[in-house]
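Peer 1: If you read the sequence shown in my numbering, its first letter stands for residue 213, the second for the next number, and so on.
Cβ atoms here follow ideal geometry from the backbone N, Cα and C, with glycine treated the same way.
Okay, handing you the structure first.
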Amino acid sequence: MNDLVTRLLREELRGQTAYGAPQLEVPVRLNTNENSYDVPPDVVAAITAAVGEVAGHLNRYPDREFTALRTALADYLSKQTGVPLPPEQLWAGNGSNEVLQHLVQAFGGAGRTALGFTPAYSMHPIIARTMGTRWVDGMRGAPSGVFDLTAESAIEQVRAVQPHLVFLCSPNNPTGTALDLDVVKGVLAAAPTSLVVVDEAYAEFARPGTPSAVTLLADYPLLVVTRTMSKAFALAGARLGYLAASSDVLDALRLVRLPYHLSAPTQATALAAIGHHASLLETVEAIKAQRDRIVGELGRLGYPPVASDANFVLFGGLADAAATWRALLEHGVLVRDVGLAGYLRVTAGTPQETDAFLVAMADLPDSHRSNATTPTAEPERKEH
Ligand SMILES: *Cc1c(COP(=O)(O)O)cnc(C)c1O
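Set out below in structure tokens:
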């Protein structure tokens, strides 16, 4: 950036680095938690027909309230969680990143504070800061050094910071583990006048018996649960994320969204995909099997994995995460360096992709192993 640009740039953005997971052309891409399986032919046919139908009417603005899509999302989420939800409680955007941005636009901003518990999703602080919101990095695992977040610790941090917004992520990216609902309830009780956002981007991959925060919506008017079609639904390229909240929260979001923010092709695509959710979600069990296989094998190889409810695994025991990241890339395997000393994150893909990753891991010379046996959380290094 030249001097003129840097000087004019908003102060809170100076020196910030842009989100930048590498998009490299390598045979095995396991770095952004996409679903490795292509969209199945029946869903491709449905999407193609639906988009074809709206193409002739692109001269008109789309339905600003995306009513049909909200109805379909409400039906899906009600079935998935067992909680009846009317369309009036569903909102969507171009990726859950956009719905997160709507939340911060409406409830954050200058003079407001947001709290998250790191390591968690790197976009939460980025979105907060770009809207001028003060971000506080809360801690997971204090004081034991592991990545769990206990209700006591979360409550204590919420009380100390008194944030306007709290971000929870369950299952948590990049660590993989889902939160106990006691943590969510504890935060809600400790912050009854704050917006509490639970990012459930990976909910469909959770181990059996993991309840969704959607089950708490009826009791907490300032609770928001965000979801996405980018992961389990294998639709990252379509850009469709959504949330469930009270209809009053939705009215607040209508004040900040741009008019007609969901294009007619996006609405048509998402609606067609939701209509075929059973077919799209068929890969979820296969992906979970590969995730559990990665957890088992990495444990045997001496790279301790973190328990995962998602479609990825965080693993440690590395002497130099950046060096291991490069070594895996030389094997044609792209994983994610999330900036945690001694740790890397790998997406669970197809059995063939898992093979390639595990073979590459087994081939690593011993020098890649650290001697440390206890995990430490130090979010200090640059991400790859
Ligand atoms: C991948 C991911 C998202 C999804 O973002 P989209 O904009 O919906 O693609 C949201 N939250 C978390 C924690 C994620 O890891």
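DSSP three-state label for K304, please.
Peer 2: The residue asked about is misnamed: residue 304 is Ala in this sequence, not Lys. If DSSP states are grouped into helix, strand and coil, A304 belongs with the strands.
Peer 1: Whose C-alpha, out of G487, Q301, T562, is nearest the C-alpha of V256?
Peer 2: The residue with the shortest Cα to Cα distance from V256 is G487.
Peer 1: Using the C-alpha atoms, what's the distance from A366 back to T588?
Peer 2: Model confidence at T588 stands at a pLDDT of 49, short of 50, so the residue's coordinates are unreliable; what they give is reported in the following sentence. Their backbone Cα atoms lie some 19 Å apart in a straight line.
Peer 1: Buried or exposed for R276, please, with buried defined as at least 16 other CB atoms from any protein chain shown within 10 angstroms of its CB.
Peer 2: Classification of R276: exposed, given that the 10 Å Cβ count is below 16.
Peer 1: I'd like the list of long-range same chain contacts for A394, defined as Cβ closer than 7 Å, with 5 residues on each side in sequence excluded.
Peer 2: The amino acid at residue 394 is misidentified as Ala; the sequence shows Asp. For D394, where only same-chain residues beyond five positions count, the Cβ hits under 7 Å are A363.
Peer 1: Name the DSSP beta bridge partners of A403, please?
Peer 2: BP columns for A403 are empty, so no partner.
Peer 1: Taking the C-alpha atoms as reference points, what is the distance between T586 and R557?
Peer 2: Note on T586: pLDDT 49, under 50, position unreliable in the model; no value is reported.
Peer 1: So, with DSSP's three-state summary, where would you put P517?
Peer 2: Strand at P517.
Peer 1: What number of angstroms, rounded off, separates the C-alpha of N245 from the C-alpha of L315?
Peer 2: Straight-line Cα distance between these residues: approximately 24 Å.
Peer 1: Report all residues from its chain with a CB closer than 6 Å to the CB of L465; omit the five preceding and five following residues, and keep chain order.
Peer 2: So the list reads W303, H314, A318, once near-sequence residues are dropped.
Peer 1: If we ignore side chains and look at the alpha-carbon of each, how far apart do V525 and S459 end up?
Peer 2: The alpha-carbon atoms of V525 and S459 are separated by roughly 36 Å.
Peer 1: For G551, name the three-state secondary structure that DSSP assigns.
Peer 2: Here G551 sits in coil by DSSP.
Peer 1: Which runs of the alpha helix (DSSP H), 4 residues or longer, sit entirely within the region 450 to 491?
Peer 2: Listed in chain order, the complete alpha helix (DSSP H) runs (minimum 4 residues) inside the region 450 to 491 are 459 to 466, 476 to 487.
Peer 1: Throw me the rounded Cβ distance for the A522 and G388 pair, which I believe falls under 8 Å.
Peer 2: That pair is a contact at about 5 Å.
Peer 1: Whole angstroms are fine: how far does the CA of F445 sit from the CA of Q601?
Peer 2: What the structure shows of the chain is the stretch from 213 to 596, and residue 601 is not part of that stretch, so it cannot be assessed.
Peer 1: Do you know offhand how far T440's Cα is from A572's?
Peer 2: C-alpha separation (whole angstroms): 31 Å.
Peer 1: Tell me the DSSP secondary structure of R241 in three-state form.
Peer 2: Looking at R241 - three-state DSSP - the assignment turns out to be strand.
Peer 1: Does the distance between the C-beta of N385 and the nearest non-hydrogen atom of ligand 1 fall short of 7 Å?
Peer 2: For ligand 1, at least one heavy atom lies less than 7 Å from the Cβ of N385.
Peer 1: Please name the residue in G307, T279, L312, G320 whose C-alpha comes closest to that of E300.
Peer 2: Ranking G307, T279, L312, G320 by Cα distance to E300 puts T279 first.
Peer 1: When you compare only the Cα positions, how much space is there between H473 and P253?
Peer 2: Taking the straight line joining both Cα atoms gives about 28 Å.
Peer 1: In angstroms with no decimal places, state the Cα-to-Cα distance between T566 and G511.
Peer 2: Taking the straight line from one Cα to the other gives about 15 Å.
Peer 1: Given this structure, state the Cα-to-Cα distance separating R548 from T536, to the nearest angstrom.
Peer 2: Approximately 11 Å, taken between the alpha carbons.
Peer 1: Look at the alpha carbon of T285 and the alpha carbon of S475, and state the distance between them as a whole number of angstroms.
Peer 2: Contrary to the premise, residue 285 reads as Leu rather than Thr in this sequence. In a straight line, the C-alpha of L285 is about 16 Å away from that of S475.
Peer 1: Kindly examine ligand 1 and report whether one of its heavy atoms sits closer than 7 Å to the Cβ of S475.
Peer 2: The answer is no for S475.
Peer 1: Hey, G453 and S248: beta-carbon distance below 8 Å or not?
Peer 2: Cβ distance not < 8 Å, so G453 and S248 don't count as in contact.
Peer 1: Indicate whether G344 and A326 have their beta-carbon atoms separated by less than 8 Å.
Peer 2: Contact flag unset, no.
Peer 1: Could you spell out where the beta strand (DSSP E) holding A350 opens and where it closes?
Peer 2: For the sequence presented, residue 350 should be read as Gly rather than Ala. Element bounds for G350: 346 to 351.
Peer 1: If you measure between the beta carbons of V396 and L428, is that distance less than 8 Å?
Peer 2: Result yes, Cβ atoms of V396 and L428 sit closer than 8 Å.
Peer 1: In angstroms, rounded to a whole number, what distance separates the CA positions of V263 and A482?
Peer 2: When rounded, the distance between both Cα atoms is 10 Å.
Peer 1: State the DSSP-derived secondary structure class of D254, mapped to helix, strand or coil.
Peer 2: Reduced to three states, the DSSP call for D254 is helix.
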